[in-house]
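Number of protein chains: 2
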Amino acid sequence: MKPSPSAIERRDPPNRKLVYVFAGGRADGDSSLRNLLGGKGANLAEMASLGLPVPPGFTITTDVCTEYYANGKTLPGDLKPQVEDALSAIGIAVGSTFGDVDKPLLVSVRSGARASMPGMMDTILNLGLNNATVEGLAKRSGDARFAYDSYRRFIQMYSNVVLDIDHGVFEDILENYKNLNGLSTDTEVDAEAWRVIIAQYLKAVQSEIGRPFPQDLNEQLWGAIAAVFSSWHTPRAITYRRLNSIPDSWGTAVNIQAMVFGNLGNTSATGVAFTRNPSTGARQYYGEFLINAQGEDVVAGIRTPQVLTEQAKQEIGAKRPSLEAAMPQAYKELTAVFDKLEAHYRDMQDIEFTIQDNTLWILQTRSGKRTTEAALRIAIDMASEGLITPDEAVMRVDPEALNQLLHPTIDPDAPRHVILTGLPASPGAACGEIVFSPDDAEEAASKGRTVILVRTETSPEDIHGMHAAAGILTARGGMTSHAAVVARGMGRPCIVGAGALRIDAANGTMTAGTETLRAGDIITIDGGTGQVLKGAAKMRQPEMSGAFGQIMAMTDNLRTLGIRANADTPRDAKIARDFGAEGIGLCRTEHMFFDSAKILAMREMICADSEPGRRAALARILPMQRDDFVQLFEIMGGLPVTIRLLDPPLHEFLPQAEAEIGAVSAALGITATKLRARIADLHEVNPMLGFRGCRLAIHYPEIAEMQARAILEAAVIAAKQSGTPVRPEIMIPLVAYRAEFDILRAVIVNTAKAVEAETGAKLDYQIGTMIELPRACLRAADISQGDEGAEFLSFGTNDLTQTCLGLSRDDAGPILTRYQEIGILERDPFSSIDESGVGELVSIGVSRARAVKPGIKIGICGEHGGDPKSVDFCARMDLDYVSCSPFRVPVARLAAAQAAIRAGSAKKSNAAKA
Amino acid sequence: MKPSPSAIERRDPPNRKLVYVFAGGRADGDSSLRNLLGGKGANLAEMASLGLPVPPGFTITTDVCTEYYANGKTLPGDLKPQVEDALSAIGIAVGSTFGDVDKPLLVSVRSGARASMPGMMDTILNLGLNNATVEGLAKRSGDARFAYDSYRRFIQMYSNVVLDIDHGVFEDILENYKNLNGLSTDTEVDAEAWRVIIAQYLKAVQSEIGRPFPQDLNEQLWGAIAAVFSSWHTPRAITYRRLNSIPDSWGTAVNIQAMVFGNLGNTSATGVAFTRNPSTGARQYYGEFLINAQGEDVVAGIRTPQVLTEQAKQEIGAKRPSLEAAMPQAYKELTAVFDKLEAHYRDMQDIEFTIQDNTLWILQTRSGKRTTEAALRIAIDMASEGLITPDEAVMRVDPEALNQLLHPTIDPDAPRHVILTGLPASPGAACGEIVFSPDDAEEAASKGRTVILVRTETSPEDIHGMHAAAGILTARGGMTSHAAVVARGMGRPCIVGAGALRIDAANGTMTAGTETLRAGDIITIDGGTGQVLKGAAKMRQPEMSGAFGQIMAMTDNLRTLGIRANADTPRDAKIARDFGAEGIGLCRTEHMFFDSAKILAMREMICADSEPGRRAALARILPMQRDDFVQLFEIMGGLPVTIRLLDPPLHEFLPQAEAEIGAVSAALGITATKLRARIADLHEVNPMLGFRGCRLAIHYPEIAEMQARAILEAAVIAAKQSGTPVRPEIMIPLVAYRAEFDILRAVIVNTAKAVEAETGAKLDYQIGTMIELPRACLRAADISQGDEGAEFLSFGTNDLTQTCLGLSRDDAGPILTRYQEIGILERDPFSSIDESGVGELVSIGVSRARAVKPGIKIGICGEHGGDPKSVDFCARMDLDYVSCSPFRVPVARLAAAQAAIRAGSAKKSNAAKA
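Same order as they appear, the protein sequences are chains F and E.
One rule links them: number in this note's numbering = place in the first sequence (from 1) + 1051.
One rule links them: number in this note's numbering = place in the second sequence (from 1) + 1051.
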């Protein structure tokens, strides 16, 4: 009888269940116990229940992991009898016994957390072998070489993982033996030779750790269990969790399973398969296998594997046979399993299998990682196949991953200087400087340089460099190698298995045929074709089409939240509209001032001694700024455009380097001394909290007057030229007091009256404010109250985060890194809104503003507007819109639809509820 | 019938009352209508009701002022008939008629706001004179010279105030006439001569403004009324209101009153009196008068006046007779009025009077400004006289003014190099550089220099310089002159009427007898004795005694709020205890690091490459810091001491000037390059929002460990040495997340366990946090929750103001000045807590923390802790204590008692309720 979850929670020692067995078509657990059994354990139990050929085994729960760490890395006493019982059950299922010298039971010991963390934690295979049982295995299998090879693999792996002995110790012994005996490959090592090598291995262990390699199988077993639990806290696992926002508290389960062997000769094989193509999403079986190999050989990318299907073989022009051809019966059984699993889990599965002596075993299944392109296609296909509902299809796509689609691709019409080709492991194109180490990648990226990480192969230790790189290129490995899986997960363009690539990292060069490139040289990689190009290729901006367009169309039907873009230039506005933005939520006018004509007038304005001087300079800026707005309004074709008045501290417009002072002062017609004095005058200790935002226009109302005039005159012109009414939203930044708003509102209203009188046009505009200070949130009712109060509010959550947390975005880097490392923060609050702090201020602001002005339009225009988790928050706050950078508009559209589905508030559900 | 207030508010034109008459022992208004009639108008009405000899008149309400500004400086149409009626009523009361050539009614036109603004607004006297009525006045008074003199004074005053003609125009004519006719003083100018001069004045007016001086008396009257309303908005009035926190919206009333003349020869006089001594508070009539003069002559300080009483005459050794001797009957009537008014108003009165031909007229009464010493004495005396209750006595003292008592005085035993003596106009001693202009005073003060403003006399235009100066010295004027009144109000030590002083401002020198001093030379002024000393005299710290001590003792019985001090050094701690602090609410440990021994070790710590390097440096700091704490604990003798862990950005400890780098790097034994690199490393864009507060110890827990050890070891030592238990409160700064608190709490708790193990002592300490970020206020429940949560909270309202308002204290100066000028802010939010923003965050924090931990100790340790208005806020928040700078402790004690009285929550009321 399964214990109820409450019994598990009670932790009453005599009754509590720490071990869940799956064997002989029955299982204690199922996939609903994912939190307790980990993803792998839950799926193994589920598969066993489904009657699939799963090697019998059992799972030690994640609760044991939690207890292990809580009790100073010791395992609970009541675990032992449960493990012993479970081992017996496995033995009965496979007809062998743990430690039996005639019929020894061999097991694998693997990690398995709630979320997949590929390659991050430790695994031990072939456990159960010692000097006695190896002989029994040899006899029973009739293959002494297999038995000794398994034993030496076990010694190597166990010594490394449990005893912390370097791999190199064993590799040196093996290399030395081969050299002495004139052998060049491992396959030439015969049974007797392995025995000799094993003896040397055991001696080496004794000398490394001062005691013999454990021959006691129980010692082996408990050492392995503890080692797997311990591997939850390796630095690489911690880094992976931080990058993937996985809490440390989840812990891992341990799965112990009877070994099956893909390396029992040519009737055996091991492989990895997907039920659909994880790169394109096409409905075709997809995978790789190796004959006479253990599973790790495939994933490690050391041997290049064969493909599953004849179709795939033909498509890539492979020489060696497919599984379909080589083992037709096993292939047939395997595809039947594929269909059963996909129908059961209603998602594409990623399956590990082994064929032992023509018998198929399924080792693992899980929802397969996929490219975003594939995710979209699979979601759309499964919805049309009726396997999932349309709402589910929308929920299946990770909004964050859409970025992957939004990367540029190489212009197909541009000339290509291809120097190398590999496997197209993760789509999108990237262009950057060559770096040969993850550390170099990270350092260069931190300086704002764009790099391509070039490696022979990648390992979990390389993750930080892969994250920092714009793209990844490896010489070895297949489509399911570490580099490929990780790059797809990160959305980085990636090419793997570029066999012609030779890397000399020590000298900082790479060679591809006749081309030799150095670190720092520019290459372009095309993750869609596998081509590596010399130099910077011409790129093409992404387009929305196919499955992407279908999903986007579905999101627009579902979401209740409007999506606008932060766009300062006509170019940004164009991209934003192409990506489906429904307006501009933030146009930062200051970005318009940095071209050479405008900045000179701006500097004159700043350095003027009097209002007339400032007005003269502003008069020169007016027509330029008006032209910018005309273009913006025309591109947006009547969609709302929110324009923020000048916001940054004025010193940002003045030269900072002494070298520039001379030229700038000459251009301004003032002395260098005067310019220096003005710069000193504007210097601030904390410019973020200084003379900026509406404070500028409170001091110099003529700036607001010029900007209001430029906006409103542009509205008149654009409306006349286009025939479409233009309704600008003028936004006053950094308001803390209603009186600030009132003063600047009066300036704008008076300007509007003047423009109306001059042009004869009737202006339709709104005046609102950016809510970006805690005080503004608290005073939102006051700021909004009445007809002359703010007509719209836009939360500037970047600045609100800085003030609420007392943390300068410019200075937060090292602080936030440390805080995430030691677990104070799960996420960067500048990326994903701090719901319990900043979020509460937003909530206070929204409710107070709506209490006095129920229909007031409220949006958000911080970077958070493009973060899916924050978009969900904004939807829960019932905001009218989010505004984000143009490239994140599709992300926000999808996130908004998912938020609506989650809240059950989808506008007009596409879903025929299952 | 008086209209009800609601009728006034209704503003129904036909019924509304804009003019309030007082004449013949009856009055439309009374002192309860202060807001409508202004202080002067309400008191005139009240005095008239009391049957006092008030010249008949009427008041135009402050509502008319509001309407005047609302309607573009035009007066309401319905005012005219009411003014005409009121003028008739005055005429009837005095037996003359406005414009009657035989019996002309002359009136004064004066401002009068809700709060006193001495000398800030305009006044016109003798209105009603023209070329015709002056003859009537001459005939009726029998004194042609008096009539022409009055007329020429009127022309001068009216031309200046209403027609905006410079004084100099008339002064030049008069000087010229006297020179041509060999006259040296005005008294030598006879009636005929004044006629000639008047003709020249009238001609000058015509040429200045292009039209004649108005002979139409109604034009005169309405011009004067409008001018008085207009003077509400002169720059000097606006400045005064800003300094005194008087809202612009109050407006002024206009009082029009029959003229009485103190300048009708030797049976006439004019004077200013106080019912008690406004300098000491002694129960003695106090005042000054001038025979044959108009009121302005006394206040302007041009002639040095005579004293009221014989006693005062003897005390100051005056030569000229007292009023008591010169006009015994008028004196007797006057003192009867004093007694009646003081009994009626239950406060010391400041009274203006005129004696016209031996008849006493009371022109004005109001609560008199007084020194703080006097305020204390009067409050205590009146309470013991039974005139007011003890609670009222406590309410009578302005806490802010206590500063005046807390200034140092000159050590009586020190040698004094007295170079000059004047009138002791405002107590306390001050020492500083001589400056001769208010602008120089302001500029020097802004650079942190201490200055004494030395002027011939002061005027309202000088206020900004008086505010900036540490003390004020004038050559002319009496105890009620502008300089004296303003300096007392500001709490600045002041000496006036130092007749031997000669100032040559143009050459930047002053001469006192044989001594000539230059601008920048140091002098000391003793506002208690009137002595001016050359150089810096030895000062003595203030002591609490007499009335001060009595009031303070009363406050301690009343208040519920604890008062602590912010003290970083043993010296501060000593002062704080002497002033009655009940503990230290904030000890900023970083201030201990700046002496040369500690700063070197601190710099080594900062520049160390590794934790061992930091620990080595910290080990050298430990004993020094421990010694500081031992002293602090011993001084505080068992009172609570809150010690904050290191808070400021580390760069503050490193040299900033390139010149210092060499020496410092040599002292540290590192290269200049390395030191520069570390400085660059620690540079931040917004240090206020950067690597500081608990973030330091999160990165370098060894700092918190050392500080916790120093505090706890010191507690053991001090307890052992003194026999009094020491209970330190360790405060973690800048917490935003509970996890930050937990991590540092663990460091402190572990250190405490180690110290207990090493010393065998049982430690009693608390760990709390400073709440100084909006997020911390919002998360106060989370931060306080549970036994391992914060045990106390202290609101750091300085930083909370910076983050809530997004305003850097270091950069706020020009912004706040502007904001106060244009009325966005009434008060500097760094001086007086922003209740509706920052205050709400405090309120949220308090209620959330108490919801989860009802008994949690909560205080405030920002500068606001010493601001009376903010103390009142803290009392309303029901905080446990406020902590302020040592010198403000008495201010806080009094403010806390007043808050308790106001709230009706006084601990144990001294009051026998009236």
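Heads up, the beta-carbon is just placed ideally off N, CA and C, and yes, glycines get one too.
Only a predicted model underlies this, so the values are computations on that prediction, with no experimental measurement involved.
Can you check whether the C-beta of residue i is within less than 8 angstroms of a C-beta belonging to chain E?
i                      : result
residue 1661 (chain F) : no
residue 1856 (chain F) : yes
residue 1831 (chain F) : no
residue 1874 (chain F) : yes
residue 1750 (chain F) : yes
residue 1205 (chain F) : no
residue 1297 (chain F) : no
residue 1853 (chain F) : yes
Thinking C-alpha only, which one of the options is nearest residue i?
i                      : options                        : result
residue 1404 (chain F) : F:1326, F:1448, F:1453, F:1469 : F:1326
residue 1109 (chain F) : F:1482, F:1159, F:1072         : F:1072
residue 1384 (chain F) : F:1600, F:1671, F:1104, F:1853 : F:1104
residue 1908 (chain E) : E:1438, E:1441, E:1612         : E:1612
For chain F, check one thing: does any of its Cβ atoms lie closer than 8 angstroms to the Cβ of residue i?
i                      : result
residue 1057 (chain E) : Note that residue 1057 (chain E) scores a pLDDT of 40, beneath 50, so its modelled location is shaky; the value from the coordinates is reported in the next line. Chain F contact via Cβ: absent.
residue 1862 (chain E) : yes
From the DSSP output, read off the bridge partner residues of residue i.
i                      : result
residue 1638 (chain E) : E:1694
residue 1780 (chain E) : E:1693, E:1817
residue 1417 (chain E) : E:1401
residue 1223 (chain E) : Partner(s): none; residue 1223 (chain E) has no beta bridge.
residue 1337 (chain E) : E:1325
residue 1477 (chain E) : E:1545
residue 1073 (chain F) : F:1078, F:1108
residue 1932 (chain E) : E:1613, E:1910
At least 3 beta-carbon pairs within less than 8 angstroms: the region 1448 to 1463 of chain E vs the region 1487 to 1500 of chain E: No, the region 1448 to 1463 of chain E is not in contact with the region 1487 to 1500 of chain E.
Touch test, the region 1916 to 1925 of chain E against the region 1871 to 1888 of chain E, Cβ-Cβ under 8 angstroms, three pairs minimum: Taking one beta carbon from each stretch, the region 1916 to 1925 of chain E and the region 1871 to 1888 of chain E have 3 or more pairs nearer than 8 angstroms; the two touch.
Segment contact, 8 angstroms Cβ cut-off, at least three pairs: the region 1736 to 1749 of chain E with the region 1764 to 1777 of chain E: Judged by Cβ distances under 8 angstroms, the region 1736 to 1749 of chain E makes no contact with the region 1764 to 1777 of chain E, as fewer than three pairs qualify.
Contact between the region 1545 to 1553 of chain E and the region 1439 to 1450 of chain E (3+ Cβ pairs under 8 angstroms): Too few Cβ pairs lie closer than 8 angstroms, so no.
Segment contact flag, the region 1759 to 1770 of chain F with the region 1676 to 1691 of chain F, C-beta cutoff 8 angstroms, min 3 pairs: A contact exists between the region 1759 to 1770 of chain F and the region 1676 to 1691 of chain F.
Residues of the region 1797 to 1826 of chain E whose Cβ lies closer than 8 angstroms to any Cβ of chain F, in chain order: So the close ones are 1823, 1824, 1825, 1826.
Interface residues of the region 1728 to 1740 of chain F facing chain E [CB-CB below 8 angstroms]: Residues of the region 1728 to 1740 of chain F with a Cβ closer than 8 angstroms to any Cβ of chain E, in chain order: 1735, 1736, 1737, 1738, 1739, 1740.
Cβ pair count under 8 angstroms reaching 3, the region 1307 to 1317 of chain E against the region 1504 to 1514 of chain E: Contact between the region 1307 to 1317 of chain E and the region 1504 to 1514 of chain E is not established, with fewer than three Cβ pairs separated by less than 8 angstroms.
At least three beta-carbon pairs within less than 8 angstroms, the region 1518 to 1529 of chain F to the region 1499 to 1506 of chain F: Touching, yes, given that three or more Cβ pairs across the two stretches are closer than 8 angstroms.
Contact residues within the region 1889 to 1915 of chain E, judged by C-beta distance below 8 angstroms to chain F: The residues in question are 1889, 1891, 1892.
Contacting positions in the region 1764 to 1797 of chain E - beta carbon closer than 8 angstroms to chain F: Those would be 1785, 1787, 1788, 1790, 1791, 1794, in chain order.
Three-pair Cβ contact test at 8 angstroms for the region 1089 to 1098 of chain F versus the region 1159 to 1169 of chain F: Three or more beta-carbon pairs separated by less than 8 angstroms link the region 1089 to 1098 of chain F to the region 1159 to 1169 of chain F, which places the two stretches in contact.
Sufficient close CB pairs (3 or more, under 8 angstroms) joining the region 1662 to 1681 of chain E to the region 1718 to 1734 of chain E: Fewer than three Cβ pairs drawn from the region 1662 to 1681 of chain E and the region 1718 to 1734 of chain E lie within less than 8 angstroms of each other, which leaves the two stretches out of contact.
Cβ pair count under 8 angstroms reaching 3, the region 1597 to 1606 of chain E against the region 1429 to 1440 of chain E: Under the three-pair Cβ rule at 8 angstroms, the region 1597 to 1606 of chain E counts as touching the region 1429 to 1440 of chain E.
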